[in-house]
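Novice:
Residue numbers (our numbering), protein chains in the order written: chain Z, 1 to 293; chain S, 1001 to 1161.
(1) Please specify which runs of the alpha helix (DSSP H), each continuous and at least 4 residues long, are wholly inside the region 235-266 of chain Z, giving them in chain order.
(2) Should residue 209/Z be flagged as near chain S, meaning a C-beta pair shorter than 8 Å?
(3) Within this structure, are the beta carbons of residue 124/Z and residue 185/Z separated by less than 8 Å?
(4) For residue 94/Z, which residues in the same chain have their Cβ closer than 7 Å to its Cβ, ignoring the five residues on either side in sequence?
(5) Can you tell me whether residue 102/Z is buried or exposed, with buried defined as 16 or more other CB within 10 angstroms of its CB?
(6) How would you write the range of the alpha helix (DSSP H) that residue 126/Z sits in, first residue to last?
(7) Around the C-beta of residue 1056/S, are 16 or more other C-beta atoms found within 10 angstroms, so that it is buried, or is it exposed?
(8) Look at the Cβ atom of residue 1112/S, then the Cβ atom of residue 1065/S, and state whether they are nearer than 8 Å.
(9) Run down chain C in chain order and give the residues with a C-beta less than 7 Å from the C-beta of residue 1092/S.
(10) Quick check on residue 228/Z: does DSSP put it in helix, strand or coil?
(11) Using the three-state DSSP reduction, which class does residue 1076/S fall into: helix, strand or coil?
(12) For the region 1129-1149 of chain S, list every residue whose C-beta sits within 7 Å of some C-beta in chain Z, in sequence order.
(13) With distances taken Cα to Cα, identify the nearest neighbour of residue 1061/S among 1146/S, 1074/S, 1041/S and 1079/S.
(14) Could you have a look at residue 1104/S and say whether DSSP puts it in helix, strand or coil?
(15) Between 285/Z, 199/Z, 130/Z and 176/Z, which has its C-alpha nearest residue 89/Z's C-alpha?
(16) For residue 1078/S, which of 1072/S, 1054/S and 1126/S has the nearest alpha-carbon?
(17) Rounded to the nearest angstrom, what separates residue 1001/S and residue 4/Z at their Cα positions?
(18) Would you identify the three-state DSSP class for residue 274/Z, choosing helix, strand or coil?
(19) Does the separation of the CB atoms of residue 132/Z and residue 173/Z fall below 8 Å?
(20) Cβ of residue 213/Z within 8 Å of Cβ of residue 198/Z?
(21) Throw me the rounded Cβ distance for the residue 1023/S and residue 6/Z pair, which I believe falls under 8 Å.
(22) I want to verify the contact list: residues of chain Z whose CB lies under 8 Å from the CB of residue 1112/S, in sequence order.
(23) With a Cβ-Cβ cutoff of 8 Å, do residue 140/Z and residue 165/Z count as a contact?
(24) Cutting at 7 Å between CB atoms, please list the residues of its own chain near residue 276/Z, excluding the five before and the five after it.
(25) Name the DSSP beta bridge partners of residue 29/Z, please?
(26) Is the separation between the beta-carbon of residue 126/Z and that of residue 209/Z shorter than 8 Å?
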């Protein structure tokens, strides 16, 4: 189908975008890369009166590194993330993850800010933000808010963003030496939304995890920082420990049925991803046991 | 009533000015306003890939970009790539390998394949499949398309010496 009729305003600065958003409130939607918004418009799932195009704001498309922090402008495209040496050096999890986001033509337009503000529970980048303990920087008429990623995502397509606010940047702590990461997802076809996925980051001392952040996606209404990780931290990981973590993971997930996978299948895939993640991070193929369905 | 908005952009090396409604997507603009009907419209929500064009050198889904977002952009369609001869060898390989049947996906498949060969002149078959995974073909089963892209890559490498 074709998009319904709407008015269009082009913002040339962040302040202008915030002024426009404040004026139109929930009658307006922000247009950035448009790779989630345009399908929703074309499918007539949305019918905003106004689109505020932030595409021309060049300041929002940048990646900078300062002391311990990587700052990513909201309009930074997936393709930018994939080829950035700074991302490869300081947040390699993101480099791995964006390769799984849709297809090259979509990655050339889609932006990180758009993906996070859209908050599809099956998309990759929100879960990465949770795993990386990122901070979402939001500007509005009342100034700046800095929201931890774990609090930012509220539900299906729902975040803490208020009408009149604009997501402007994402701050990711630079990866410390020795930190390892894992990213994997199960999809029907390459580029599809995941049936279950996991973005993880870990610090390891000898044979034990010192820190382990497990960001699951497509297994609930929002990306989930799995508390099951607590079973795996601070002690040698055995088959029994891993089984305990899998059981705990199962308790905290609330996946839904849809046309791609049943809730039960998503639970199974999530447990399998957890096992694969631990095997990969610890380099322990002996732990690759059969996950009980 | 929402009024049409003036836009100016470059399409296949020609300057174009037009009045468009904000809701008009780039694919429909190219087809209906400029009669460049080689850009096909399939799903209209970014899944099938049939509307792939180049904007400022990058391949994109033209059904997921508004024509007004292309203000001042440089757009290249299959007509541009075909007329310039840039992909003549790729087109010939598609012909020789039977890499098309109905032809609906072919213009966009050529756009995506050329994009891959520009960034990775020697892709393996998995890389070809991955790069073309956002372009649906309902006729060929893809093997012949991968063959055509692979043989074009080899021929170009040989020519480059």
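Ideal Cβ positions, reconstructed from N, Cα and C, are used throughout, including at glycine. Quick caveat, the model's predicted, so the values are computed rather than measured.
Specialist: The short version:
(1) Listed in chain order, they are 239-252.
(2) Not an interface residue.
(3) The Cβ-Cβ distance between residue 124/Z and residue 185/Z falls below 8 Å.
(4) Around residue 94/Z: 81, 87 and 128.
(5) Its Cβ being crowded by 16 or more others within 10 Å, residue 102/Z is buried.
(6) Its alpha helix (DSSP H) spans residues 124-131.
(7) Residue 1056/S is exposed by the Cβ-count criterion.
(8) Cβ atoms of residue 1112/S and residue 1065/S: not closer than 8 Å.
(9) Absent from the structure: chain C. Protein chains present are Z and S.
(10) Correct three-state label for residue 228/Z: helix.
(11) Strand at residue 1076/S.
(12) Under the 7 Å Cβ criterion, the region 1129-1149 of chain S contributes 1130, 1131, 1133 and 1134.
(13) For the options 1146/S, 1074/S, 1041/S and 1079/S, the alpha carbon positioned closest to that of residue 1061/S is the one of 1041/S.
(14) Coil at residue 1104/S, not helix or strand.
(15) With distances taken between Cα atoms, residue 89/Z lies closest to 176/Z.
(16) Minimum Cα distance to residue 1078/S is reached at 1054/S.
(17) One Cα belongs to residue 1001/S, the other to residue 4/Z, and the distance between them is close to 13 Å.
(18) DSSP places residue 274/Z in the helix class (H, G or I) of the three-state scheme.
(19) With respect to residue 173/Z, residue 132/Z sits close: the two C-beta atoms are nearer than 8 Å.
(20) Taking 8 Å as the cut-off, the Cβ atoms of residue 213/Z and residue 198/Z do not count as close.
(21) About 6 Å separates the beta carbons of residue 1023/S and residue 6/Z, which is inside the 8 Å limit, making them a contact pair.
(22) Residues of chain Z passing the Cβ test: 104 and 105.
(23) The Cβ-Cβ distance between residue 140/Z and residue 165/Z falls below 8 Å.
(24) Within the same chain, Cβ atoms closer than 7 Å to the Cβ of residue 276/Z are found at 184, the five residues on either side in sequence being excluded.
(25) In the DSSP assignment, residue 29/Z is bridged to 51/Z.
(26) With contacts defined as CB atoms closer than 8 Å, residue 126/Z and residue 209/Z fail to qualify as a contacting pair.
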